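Everything below concerns the one structure shown next.
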Amino acid sequence: GQSLEQPSEVTAVEGAIVQINCTYQTSGFYGLSWYQQHDGGAPTFLSYNALDGLEETGRFSSFLSRSDSYGYLLLQELQMKDSASYFCAVRAVTTDSWGKLQFGAGTQVVVTP
Amino acid sequence: KAGVTQTPRYLIKTRGQQVTLSCSPISGHRSVSWYQQTPGQGLQFLFEYFSETQRNKGNFPGRFSGRQFSNSRSEMNVSTLELGDSALYLCASSTQGPFYEQYFGPGTRLTVT
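Protein sequence lines, in the order shown, are assigned to chains A and B. FYI, in the numbering used here the residues of the first sequence are 1047 to 1159. FYI, in the numbering used here the residues of the second sequence are 14 to 126.
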């Protein structure tokens, strides 16, 4: 089958480092995407990994291991504004089209003072 | 550059009615994808249009349909509304497609009574 698993909630203090893991099971893998969504807001693209390794963008980094069907999003120097839901997403094959984008259930990150 | 715009932002309909939602992508983006977001089911991919053709689709009944115009603007239609269709409907635009980097609009909050 096709699935994505990520933790439901992570709590950390300001300035800390948080790692959100995402394991996936899908055929026709294109790459792993990460999105951030604040309460009441729309998802915002954070990163996309098609190849193995670490991609760094400011305080956020994303990692992919295709052989392990695993990736993670690393949030460094946590700030209060990082409190949000974070989603991983992959392409999932469908029977009647090129595919669909499948999202994980989301990880709620709570940053405390 | 202007972002993705969606109209209307809020909508209340009754069961059995039909509804049309509109999305204007970022200028130059030819791919428009639609998503349904609910607390119970999370973010679900509806379909993607690229150059006026449906290229990808999720697992939704035929009551959900869409189209894209030559200027890349897209509409989504839901016929015979059910209570379970109450959700936030998001559209996202991109240059390559939903499996890569995409930009979301603010969404249309649909309530079916």
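All C-beta atoms in this analysis are idealised placements derived from N, C-alpha and C, irrespective of residue type, glycine included. A quick note: this is a predicted structure, and the numbers were derived from the prediction, not measured.
Which value, in whole angstroms, describes the spacing of the CA atoms of residue i and residue j?
i: Q49(B); j: G79(B); result: 13 Å
i: L1050(A); j: V1136(A); result: 8 Å
i: Q81(B); j: S44(B); result: 9 Å
i: S1108(A); j: R28(B); result: 43 Å
i: V1139(A); j: S83(B); result: 27 Å
i: E1102(A); j: W1080(A); result: 13 Å
i: T1072(A); j: G53(B); result: 22 Å
i: I1066(A); j: T1153(A); result: 7 Å
i: S85(B); j: Q1148(A); result: 23 Å
Here's a check: name, in chain order, each residue in its chain whose Cβ is nearer than 6 Å to the Cβ of residue i, leaving out the five neighbours to either side.
i: L1110(A); result: L1078, N1095, D1098 and G1117
i: Y1076(A); result: R1137
i: Q30(B); result: L94
i: R1112(A); result: D1098
Hey, out of the options, whose CA is closest to residue i's CA?
i: P1053(A); options: L1119(A), D1085(A) and Q1125(A); result: L1119(A)
i: W47(B); options: F1075(A), V1156(A), H1084(A) and A1088(A); result: A1088(A)
i: C173(B); options: Q30(B), R76(B), R68(B) and E88(B); result: Because residue 173(B) is not part of the residues shown, which for chain B are 14 to 126, the question remains open.
i: R1105(A); options: Y1070(A), W1144(A), F1149(A) and A1062(A); result: A1062(A)
i: V1155(A); options: T1069(A), K1146(A), H1084(A) and Y1070(A); result: H1084(A)
i: E1123(A); options: V1064(A), T1057(A) and E1055(A); result: V1064(A)
i: L56(B); options: Y102(B), Q109(B), S85(B) and T126(B); result: Y102(B)
Any C-beta of chain A sitting closer than 8 Å to the C-beta of residue i?
i: Y62(B); result: no
i: R68(B); result: yes
i: Q115(B); result: yes
i: F77(B); result: no
i: G53(B); result: no
i: P111(B); result: yes
i: L34(B); result: no
For residue i, I'd like the list of residues in its chain whose CB is within less than 8 Å of its CB, leaving aside the five on either flank, ordered along the chain.
i: L24(B); result: V32, L34, T121, R122, L123 and T124
i: I12(B); result: No answer is possible for residue 12(B): the residues shown for chain B start at 14 and end at 126.
i: M1126(A); result: E1060, V1157 and P1159
Mind reading off the beta-carbon distance from residue i to residue j? Whole number of angstroms is fine, and I expect it under 8 Å.
i: G71(B); j: F58(B); result: 4 Å
i: S99(B); j: R76(B); result: Actually they are not in contact, since the Cβ atoms of S99(B) and R76(B) sit about 14 Å apart, beyond 8 Å.
i: N90(B); j: K1146(A); result: With a Cβ gap of about 19 Å, N90(B) and K1146(A) do not count as contacting.
Output, in chain order, the set of chain C residues within a Cβ distance shorter than 9 Å of residue i.
i: P119(B); result: No chain C is part of this structure, whose protein chains are labelled A and B.
To which residues of the same chain is residue i closer than 7 Å at the C-beta, ignoring the five residues directly before and after it?
i: E114(B); result: S107
i: S64(B); result: R43
Got a sec: is the Cβ-Cβ distance from residue i to anything in chain B below 8 Å?
i: F1091(A); result: yes
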